[in-house]
Every structure is written in C-alpha cells, then in structure tokens.
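Going down the list, the sequences are from chains A, B and C. So in our numbering the end of the first sequence lands on 1543, straight run, no missing numbers. So in our numbering the end of the second sequence lands on 366, straight run, no missing numbers. So in our numbering the end of the third sequence lands on 401, straight run, no missing numbers. The C-beta atom is built at its ideal place from N, Cα and C for all residues, glycine as well. Let me begin by presenting the structure, written as structure tokens, before commenting on it.
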Amino acid sequence: MKCKSLVILLFVCGFFALAAAEEGSGPPDSTHVDSIPPPTPVSMLTARDSENDHGHSVTLMWELSTDDGAGQNSVLSYEIFRWVPFFMDTLQSIRDSLAGAEGTIAEQLRKRRDQAIAMIPGAHKSYPEQGGWRKIGTALSGQSSYEDVGVKDRGSPDYMADHTDYYYLVDAVTADPAIRAPSEIVGPVQSFGQFFNTGRIPVFVAVLVFGLLTILFVTRARRGAELYVRPLAGIEAVDDAIGRATEMGKPILYVLGLGSAADIGTIASFTILGRVAKRVAEYQTKLIVPCYDPIVMTVAQETVKAAFLDAGRPDDYYEDIVYFVTQSQFAYVAAVNGTMLRELPATNMYMGVFFAESLILAETGALAGSIQIAGTDQVAQLPFFIVACDYTLIGEELYAASAYLGREPILLGSLKAQDYAKAAVIILAALGLLAASLNWTAFINLFSVTS
Amino acid sequence: MLDVTFGIPLVVLSDVGQAISLLLIGGGLLWIFIRSLKAKEVDRRVVFLFIFFAVAAPILFPITFQEKATPIVKKLFDKVESLPAGSKVLIAFDFDPAMAPEVQPMANAFTRHCLVKGYKVIFMSLWATGQALLTQTLERVVKGEFPEKQEGVDYINLGYKAGNEGVLNVIVTNFRMMFPTDVNGVPLDSTAVFDGIKSCGDLDLIISVGGGKPGIKEWVLFVGDRVNVPMGAGVAAVVAPQLYPYYPKQLLGLLGGVKGAAEYESELVKHYSRFEHTDTPGLRMMGPQTLAHVVIMAFIVIGNISYFIGRRRERRR
Amino acid sequence: MRRTTIIAMAVVLGLFILSWILRSASYVTVQEHYLIGGLKVTFSAFLTLAILSFLYKDNPFYKFLGIMLLMRLSRNRGWLARWPLAFIVGTTAGLNFVRYLRSDFMEQVSATFVPLFVDWKGVGYFISHFSLSASGQFVAIVANWVIFLGVICGIIYFFFSKEHKGVFGAASRVGIWVLMITFGASFGYTVMGRISLLVGRITFLFRDWLGWIS
C-alpha cells in the first residue's frame, strides 16, 4: 500500500507539459503606382464573423470588380489585406527567438510572448495608427469571398484572437502587380465562436429522435413489455443442427471469429454460444470452441460454464471445451481446419467477426460434410458464407439473433428503436422521391448537412 | 489476326503463341464440358491448372483489350482534368505491399495526371508500409517521368504519420500541427506547395488510394464530409462494393481493382500522347484477368449444367 | 523535453509489464499468461492516459481527471476512475455518433432522393431520343427506380418487428434478391482481387525468377 502511494506520488510529481516553436509572417504590402489606368475596385465589401465555427475566423464578401477577367484592365486576382499593429513584428521576433532558445531564456521569452499576445486586442484599438496593412491571402478572379481563418493556439503565428477589432481591404490586381485598385476599408469586425453549429441541425434532430426512441423502448423492455422479434431461419436451424450432431454422435464446432471481446459481432456471438452450449449440455453432445483472442476465450469459458450450470449438468463441463489457439490469422485457420478434418464435426457454426479466412473455413467445413450456420457483420465476408454455408445470418440479423435469444432489455429496446428508424428512412425516402421528382428543394435541403 | 469490332472488345493477337494458348484453353473447357455431360467427375487439380494456364498464357503472350471508362471512373477523371491550373491535390497512399499490385497502378496514374496538368501535389500516407510504396512512385513516376518538377514547388512528400483517424482529425483544421515539416525536414511554410494551405479545407481535391483501415471511409467521415472537399478514391476490388453507397454524393468517383486502374490508364493514354509508351500495368493485367474470368464463368456454367443434368438422371432412376 | 519524457515513460511502463509477466509466469498456465499480460496492459493504458493528460492539457480540469484515472490503482478509491472513463467513453461515443450519423445515415438517406423521371421532357421526346447508353435517359430512369426500390426492399428485409407476410413478405423477398445480387457482385469483385494477386505472383515468377518476360 505504501509502495503504491509512493509510485503514484512519483508519477504525479514527475512530468509537466512544455510547448514548442513558432514561425513568422509576411511583410507589409506594396504601394500603388500610377502609370496606366487602374482597374475598378471591388464594391460592397463586407466582413463578418464566420458562421458555425469555434471562432478565430472572419469571412469577407464583395461584389466583383467590373474588370474581373475582362475589359482593358483585366483583374486576374484579388489580394486581401488585414490591418496589423506594428508590435506584431516584435511578437514575431520573440517567436523566432524561441526556436533556438532553451532553459530559462526560453521561459522568459515565453512569458514575454504571452504578455504580447494579451496586448493584441488593445493594440487593434489603436487603428489606424501604430500599424499597417499586411497581405493575408489571395483570391482568383471570379471569386467573391475569402475566409480569413486563424488558429486558436496562442503560440502559433497564425493565432487570431477572438473579440478583437479587425479591419480589411481588398485590392483588385491586374497582370502587373503594381497596377491595382484598393477597395473601401471595412471594419471593425470581431470573430467569436458559436455554441451551436446550425449547419448540423439535421444530425441533431436525428440524434434526438433516435436517442429518445432507444430510451423509450429500453424502458418498456425493462418493465416487461413483450417486444416482438420475428423468428430467424438461421437460429431456428441451430436446434436441428445440434440434434443432427447428437444423432450422428459427432461434435459441434463453434468458431467465435477473429474479433476482440469489444466487437459487437463477438458480443452477439457470446449470446448465441450460451444458447448452443445449453442445448449441447442437455443432449450431452461434444462441443469444440477454438478461440483466436485470449480475452474472448475467458469470456467464452464463463459463458459455456454458466450454460452447463443452467442445463443442470455442471459436471459435464471441462476446461478443454474452450481453448486458445493462436493470434495469427492464418495459423488459427490452419488449426481450425485441422480440427475439422480430424474431428469431422456434424455441425459448424461461425458467428462473429471474420476476415479473409472466412472462405477457407467454410470450404473446409463443406469438405468435411458438416452442416454450416454462419453469421457475421463483415459485409465483405458475407458472400463467402452465403455460398458455402447452409444458413447465414446477414449483418444485423446476427445482432437480432442475440436479442432474440438473450431477451435482454437493452438489446431488445435498441433493436426496436432501430426498426422504427428504418421505418422513418422508408417514409423519408418515399417523400424524398416525390420531392426530387416535383422539385421540392426545400424538403431536400432539410437533409443537407453543411460544415 | 483475329479482329472483331462494333462494341465487342478488340482482341489483339500478336503471334501464334497467343492463338495456341487460347485454343488450348477453349479445347480444355470443351473437354470438361463433355466429361460433365457424361456425369464424370473433374479433379479439382484440373480446375486449378486451368486457372493457372488462363492467367499465365496472357502474361507470356500479351493479350490486350480496349478499355472504355465507366461513368464512375470517368467522373473522377473529368474532375481531375477540369481543375483550374495550380490546383492543390492531395494523394494518400493508404495501402501495403499486399494490395500494391492492384492499387499502385492507380496511384501512379493519378500522379501522372496531376503532374501533367501542372497541379501542386501533396503526397502522404496513413500506413507505415505506404511510405515505401510512395517513395517508389516518387522515384519511378515523378522523378523518372517529370524531371522538371521540383520538390517543394510542384510536389511535396509529407511521408507517414501514425495515428490513423487521429491524423485526419487534426489535418482537417490545421495541417501544420500534424506535419510541421515534410519527410525531409523542410518546414511546410517555406514550400511553395503549401502557400495558402492551412487545412484540408483549402485543398481542391483529395484522392485516397488503398483499401483497408484507415482508408477511404475514414477520409470521407473525418475530412470529406466535414469540410466539403471533393473526394475521389482508388481501392482494392475486395473493398469496392462497400464504398459504392458513397458515390456520387460523398465520392466523386471510385476506381475498383485492376479494372478501375485499367480504365483510368486508358483515359490517360487517350487524352495525353506522352503516355502512349508509358508502362500501364492496369491495362496489361486486364488480359490475364479477363481470360481468368471467362474460364471461371465457363466453369460456373458447366458446373450448373452438370448439376441439373445429374438431378434429372437421379429423378429418372 | 516532452518527447524525451514520453520515451522515458514508455520505457518504464514497458519494464513494468515485463516484470509482471515474468513474475506471474512461474505459477500460471500459458493461457492465463496472455490474460494477465492483457490486464497489465490495461493498467499501463490507464497510466499512460493519466500521464498524457498532464502533459498535453494546461486546463486543470483535465489534470484532475488524470489523477482520478490514476486512482484505479487504489483498492479503496478505485471507483473514482469510473468518472473519467465515463467522460472518455461518452466523448468518443458522442463524436462518433455525430460523425457516423452524418456520413453513413443522413448523407445516404438524402442520396436516395432521386427523381422518378430524369429530365422529363415528355413521352414524345423520350421515344425520339431513346438510348440504351449509360448516359441515356432510359438507363438513368431505370437506375433511379432500382436504387429506390432496392433501398426500400432491402430495409424491409432487415425489419425485425413484423413477420414477413403478404405485401411486406413480397417486398422482403425482393430485398433479399437485391442483397444476393449485391453479394454476387461483391464476390465477383473479390475474385477479381484474388486473380490480380495471382497475376502479380505469376508475373514475379516469370519476370524476376525465370526471366521469360521483360
């Protein structure tokens, strides 16, 4: 106990975060030269805080120059300038010095940097004195908007402070960079983050609806309401398959797949294994469960032991029913194939997460003359199981099977909620079809998620 | 020379060897068909031999077919073709040597297309093994066929970064936080390629080449849908069916397996004469691929006929 | 400094794992060796998570959560670790929920909003401009109908709350046909993938080993 406390204390006192290096930014802009007539500048320049973000961003919009891509003084690009206080150069030189500094000098530089950063909002209030215009970006001809995006990391040269007055202007630039027309200056504009991203309202509504449905049905299931789940052909065949194995006096092979204990497919497989093990215990048939994952093995052992206890035959359970093989994919398959060809099981069950080895397993089982029942949520492996096995639980049927057999409130409730969500999708698809045919763009736009 | 036109693939037989191999395969299939009609079993090893021969013969005696790009490939090609000059394109090499025979021809084709159009190309990989394959493309395609392109100006290699979806989560808002320098240690800010790029949202097109996890699904989930950047994909054949739901809304186009690679290569050759003599492994592999598929289809048909005949015989007894 | 710290921490944790494994191997079976190793890795993951929260977050709230996570090592205060774990699980679930619901649900649902009649200009125009090419109107209309009916019937097949009888049953059968055709296409794609790997191997044999081809 004392040793443990010491270890904890050591770790807690041991380590602290340190930040690291920075970069610079560009020089001030150029002045205008009067030689040939400049193009017409952009008009109606507006600047506002960018919507639906975490702040540190301003969106500029303007009406294109009348010389945009045409006319005598063809505008080829737009250069965007932001007013920046002069002291930002000092801040930048502090950041540059940090790159090579170490120890206490670096600490002092960081303090000065942080002090300088804290002065940024105030410095912007000294506009138009104590600062100059700095080019921050370029837009091509035809573009009438630009998003000035900064970062929230205070140590970065791209740091853009929120709740700070910013001023912008846009230059319409011709092929000769010296020939340009500046716009009216726009500002002050402040950036700030939004609490709620309105572009994701459709997702929010879907989350709410689906969440409420799940809570509703799980609650109903917990209160003992009868929630109907239709019978599945694969599960109904399990009892017949176990009976076949008992009559033939041959074992049953149950493969849990190559997933970990955290995979949903494996968890569903445990429920089905429990059901199979209980029947096996009742009929006193031999059961073989080779495992790929050690954690899965331990859970499977507990499941089978509990099933044997449930069937009233705890003494028939022995450790070697469920055993670990290897965590190498094809070595595991080789071992299971060897077991199939030696033991010649009457029934093979593949329930869980499978990968490229699925066809090898199913083919070898077919060669051995076993009846095969498979179930996986791996879409890429379903074709192989469907071709080589007698019954296949396709994708979600595997989860439905575990809900059907286990009758656990959470599984049943979430299955019901999913069914209602599917019904909603069918109705929405039908409405969407009408909307697309009759051009109801308002309905279609309800489902567009921006940002 | 056997020459067939009007919508039927143009088979180019360059020498007697091709004719003999085709005759042997055809003759062998006929023999199997006759055996199956007589309800005689065909050893599995004969089937394996046929597949081997169907693949080996077109490799030894090259048979090529004309490829016409299907809409799902053409859309991606047209998008790459129509981007404005100086566009920034990211190509992610998210595959390992096991998938390379299928997807590396795609990656090379994308690279050629982007460089010939004068785009700025950003190369990166989310797979540790992808970096070596990326280097192969840089050596053979970029430096070999486009010696005038300069690293840092026309293209940049960011290399591999560990973190799978975590990497995507960061670069979607800030590239430099995840990649402060390129693979050679050059700061991104000092490169012309990254001028004006702060995050994935500033890119004009993202192409993910691969087929596992992390792969195109993660790119769509974490980047494409989040910042509405146009996305394209080139994937291994095994994975392609799972990605069709993302087309055409979330993915502009999808190249599936060697067929997709062959279609893209044929479009490239059609549009740019400089690639006429470039190695096109996708097109080259379609010869053995097609012949193997024909043999497999013949086996399926023969097998089914034999099954139904056998069942009828059983009923008569 | 941070990098050096992380590497040192990784070395220390790695030695911890090895020492635990060595100690336990003397009296447990090979099977349990994996289990114990797995459990010790879990402890190390907790420690790493806790320590990284110190290194990477200036916010004292995260430091506090990190300390609570470290309480996992304590017998009496171990329950405190459940709170930051709940925070981690909840955050991950919440982020992934939105991500998958958007990309795999909303976008897919809106992708099924296809018009029944594409660019319909009337029956006369349709007949006069009839075309079986991929870009033709007829094919586009058939494709849209197949997408719509295939999606609806496929979803009906996976409906578990109602027995598949009558019209519902018929739609479910159409759904399973659509699914089987999809799986057939997927199977074909996989065969293509395997054949291309075989082509790669045989090319290697003929070119790099036997030198029969250049």
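Practice task
Note down, in chain order, every chain C residue with its Cβ under 9 Å from the Cβ of PHE1539(A).
Solution key: For this step, residue 1539(A) is matched to residue 447 along the first sequence. Annotation: Cβ neighbours of PHE1539(A) in chain C (cutoff 9 Å, chain order): MET293, GLU294, VAL296, SER297, PHE300.
Practice task
Note down, in chain order, every chain C residue with its Cβ under 7 Å from the Cβ of TYR1320(A).
Solution key: In the first sequence, the residue the question calls residue 1320(A) occupies position 228. SER348, listed in chain order.
Exercise for the section: May I have the straight-line CA-CA distance separating PRO279(B) from SER257(B), to the nearest angstrom? Expected result: Start at 1 with the first residue of the second sequence, and residue 279(B) comes out as number 230. Start at 1 with the first residue of the second sequence, and residue 257(B) comes out as number 208. Inter-residue distance for PRO279(B) and SER257(B) is about 11 Å (C-alpha atoms, whole angstroms).
Practice task
Could you tell me whether any Cβ in chain B is nearer than 8 Å to the Cβ of GLY1067(A)?
Solution key: Residue 1067(A) falls outside the range modelled here, since chain A spans only 1093 to 1543, and no answer is possible.
Exercise for the section: Name the residue from ASP253(B), VAL287(B), GLN338(B), VAL91(B) whose alpha carbon lies nearest to the alpha carbon of ILE108(B). Expected result: As a first step, residue 108(B) must be located in the second sequence, where it is residue number 59. Taking only the C-alpha atoms, the option nearest ILE108(B) is GLN338(B).
Exercise for the section: State the Cα-Cα distance for the pair ILE1277(A) and PRO1131(A), rounded to the nearest angstrom. Expected result: As a first step, residue 1277(A) is located in the first sequence; it is residue number 185 there, counting from the start. As a first step, residue 1131(A) is located in the first sequence; it is residue number 39 there, counting from the start. Using only the alpha carbons, I get a separation of about 17 Å.
Problem - Uninterrupted alpha helix (DSSP H) stretches inside the stretch 1264 to 1333 of chain A (no shorter than 4 residues) - result: The alpha helix (DSSP H) runs lying completely inside the stretch 1264 to 1333 of chain A and spanning 4 residues or more are 1293 to 1314, given in chain order.
Exercise for the section: Compute the beta-carbon to beta-carbon distance between ALA1493(A) and GLY1467(A), rounded to the nearest angstrom, for a pair I have assumed lies under 8 Å. Expected result: Position 401 of the first sequence holds residue 1493(A). Position 375 of the first sequence holds residue 1467(A). Taking the Cβ atoms as the reference, ALA1493(A) lies roughly 6 Å from GLY1467(A), within the contact range of under 8 Å.
Problem - PRO1177(A) and SER1218(A) closer than 8 Å at C-beta - result: Counting from 1 along the first sequence, the entry for residue 1177(A) is found at position 85. Counting from 1 along the first sequence, the entry for residue 1218(A) is found at position 126. Yes. Within cutoff.
Exercise for the section: Determine, using beta-carbon pairs with one atom in the stretch 149 to 164 of chain B and one in the stretch 328 to 346 of chain B, whether at least three such pairs fall under 8 Å. Expected result: Output reads yes: the stretch 328 to 346 of chain B touches the stretch 149 to 164 of chain B.
Handout entry: With 16 other Cβ atoms within 10 Å as the buried cut-off, status of PRO271(C)
Key = Start at 1 with the first residue of the third sequence, and residue 271(C) comes out as number 84. PRO271(C) should be labelled buried.
Problem - Outcome for LEU1174(A) when other beta-carbon atoms lying within 10 angstroms are tallied against a minimum of 16 - result: By one-based count along the first sequence, residue 1174(A) stands at place 82. Before going on, a small fix: residue 1174(A) reads as Arg here, not Leu. Buried is the label assigned to ARG1174(A), since at least 16 other Cβ atoms lie within 10 Å of its Cβ.
Problem - Other residues of its chain near PHE1179(A): CB distance less than 8 Å, five sequence neighbours each side excluded - result: Your numbering for residue 1179(A) matches position 87 in the first sequence. The beta carbon of PHE1179(A) lies closer than 8 Å to those of ALA1208, MET1211, ALA1215, GLN1222 in the same chain, with the five residues before and after it left out.
Handout entry: Residue burial classification, HIS1255(A) (beta-carbon count within 10 angstroms, cutoff 16)
Key = Residue mapping note: residue 1255(A) aligns to position 163 of the first sequence, counting from 1. Looking at its Cβ environment, which holds fewer than 16 other Cβ atoms inside 10 Å, HIS1255(A) is exposed.
Problem - ASN331(C) - DSSP class collapsed to helix/strand/coil - result: Here residue 331(C) refers to the residue found at position 144 when the third sequence is read from its first residue. Helix.
Practice task
Pull up the distance between the alpha-carbon of ILE1186(A) and that of PRO1129(A), whole angstroms please.
Solution key: For this step, residue 1186(A) is matched to residue 94 along the first sequence. For this step, residue 1129(A) is matched to residue 37 along the first sequence. Whole-angstrom Cα-Cα distance: 42 Å.
Practice task
Compare the C-beta of GLN291(B) against all C-beta atoms of chain A and say whether one is closer than 8 Å.
Solution key: The residue given as residue 291(B) occupies position 242 in the second sequence. The beta carbon of GLN291(B) falls within 8 Å of a beta carbon belonging to chain A, placing the residue at that interface.
Practice task
Measure from the alpha carbon of THR370(B) to the alpha carbon of each residue in TYR295(B), VAL343(B), ILE220(B), LEU207(B), then state which is nearest.
Solution key: With chain B running from 50 to 366 in the structure shown, residue 370(B) is simply not present.
Handout entry: Residues near SER1237(A) in its chain [Cβ-Cβ closer than 8 Å; skip 5 each side]
Key = If you number the first sequence from 1, residue 1237(A) lands on position 145. Cβ within range, chain order: THR1151, LEU1152, MET1153, TRP1154, ALA1231.
Practice task
Run down chain C in chain order and give the residues with a C-beta less than 9 Å from the C-beta of GLY1192(A).
Solution key: Residue mapping note: residue 1192(A) aligns to position 100 of the first sequence, counting from 1. Ordered by position in chain C, no residue passes the 9 Å Cβ test against GLY1192(A), which lies about 15 Å from the chain.
Problem - Beta-carbon contacts of ILE400(C) that lie in its chain and below 7 Å, excluding the five residues immediately before and after - result: Position 213 of the third sequence, counted from the start, is the residue given in the question as residue 400(C). Closer than 7 Å at Cβ, skipping near neighbours: PHE393, ARG394.
Practice task
Determine the DSSP secondary structure at ASP1160(A), reduced to helix, strand or coil.
Solution key: In the first sequence, the residue the question calls residue 1160(A) occupies position 68. Strand at ASP1160(A).
Exercise for the section: Can you check the stretch 161 to 214 of chain B for any alpha helix (DSSP H) of at least 4 residues that lies completely inside it and give the ranges in chain order? Expected result: Correct list: 179 to 186.
Problem - Whole-number beta carbon distance between GLY1242(A) and HIS1148(A), since they are thought to touch under 8 Å - result: Along the first sequence, one-based indexing puts residue 1148(A) at 56. Along the first sequence, one-based indexing puts residue 1242(A) at 150. Contact flag correct, Cβ pair sits at about 4 Å.
Practice task
Report the neighbours of THR1230(A) on chain B: residues whose CB is nearer than 8 Å to its CB, in chain order.
Solution key: Counted from its first residue, the first sequence places residue 1230(A) at position 138. Residues of chain B passing the Cβ test: GLY245.
Problem - Close Cβ partners of GLY1498(A) (< 7 Å) along its chain, the five nearest in sequence each way excluded - result: For this step, residue 1498(A) is matched to residue 406 along the first sequence. Excluding sequence neighbours, GLY1498(A) sits near THR1363.
Practice task
Kindly give me the distance between the Cβ atoms of ALA1427(A) and ALA1337(A), rounded to whole angstroms, as I take these residues to be in contact under 8 Å.
Solution key: In the first sequence, counting from the first residue as 1, residue 1427(A) sits at position 335. In the first sequence, counting from the first residue as 1, residue 1337(A) sits at position 245. Incorrect: roughly 21 Å between the Cβ atoms, too far for contact.
Practice task
Would you please verify whether the beta carbon of VAL1167(A) is less than 8 Å from any beta carbon of chain B?
Solution key: Numbered from its first residue, the first sequence carries residue 1167(A) at position 75. No - not a single Cβ of chain B is within 8 Å of the one on VAL1167(A).
Practice task
Could you name the residues of chain C that LYS298(B) contacts, counting a contact when the two beta carbons are closer than 9 Å?
Solution key: Within the second sequence, residue 298(B) is the residue found at index 249, counting from 1. GLU294, GLN295, SER297, ALA298, listed in chain order.
Practice task
Please decide whether ASP1250(A) counts as near chain B, where near means a Cβ-Cβ distance under 8 Å.
Solution key: As a position in the first sequence, residue 1250(A) is number 158, starting the count at 1. Output row for ASP1250(A): interface = yes.
Handout entry: C-beta contact flag for MET1443(A) and PHE1416(A) at 8 Å
Key = Residue mapping note: residue 1443(A) aligns to position 351 of the first sequence, counting from 1. Residue mapping note: residue 1416(A) aligns to position 324 of the first sequence, counting from 1. Taking the C-beta atoms as reference points, PHE1416(A) is found no nearer than 8 Å to MET1443(A).
Practice task
May I ask you to report which of helix, strand or coil DSSP gives ASP1145(A)?
Solution key: The sequence position of residue 1145(A) within the first sequence is 53, counting from 1. Reduced to three states, the DSSP call for ASP1145(A) is coil.
Exercise for the section: Determine the contact status of SER1506(A) and GLN1473(A), defining contact as a CB-CB distance below 8 Å. Expected result: In the first sequence, residue 1506(A) corresponds to position 414, counting from 1. In the first sequence, residue 1473(A) corresponds to position 381, counting from 1. Not closer than 8 Å, so no.
Practice task
Could you work out which residue in LYS1342(A), ARG1367(A), THR1418(A), LEU1304(A) is closest to ALA1398(A) when comparing CA atoms only?
Solution key: Within the first sequence, residue 1398(A) is the residue found at index 306, counting from 1. It is ARG1367(A) whose Cα lies nearest to the Cα of ALA1398(A).
Practice task
Would you mind stating whether LEU164(B) and LEU252(B) have Cβ atoms separated by less than 8 Å?
Solution key: As a first step, residue 164(B) must be located in the second sequence, where it is residue number 115. As a first step, residue 252(B) must be located in the second sequence, where it is residue number 203. Not in contact: LEU164(B) and LEU252(B) (Cβ atoms no closer than 8 Å).
Exercise for the section: List the residues of chain A that ASP223(B) touches, going by C-beta distances under 7 Å, in chain order. Expected result: Taking the first residue of the second sequence as position 1, residue 223(B) is located at position 174. According to the sequence provided, residue 223(B) is Asn. The question's Asp does not apply to it. The contacting residues are VAL1243.
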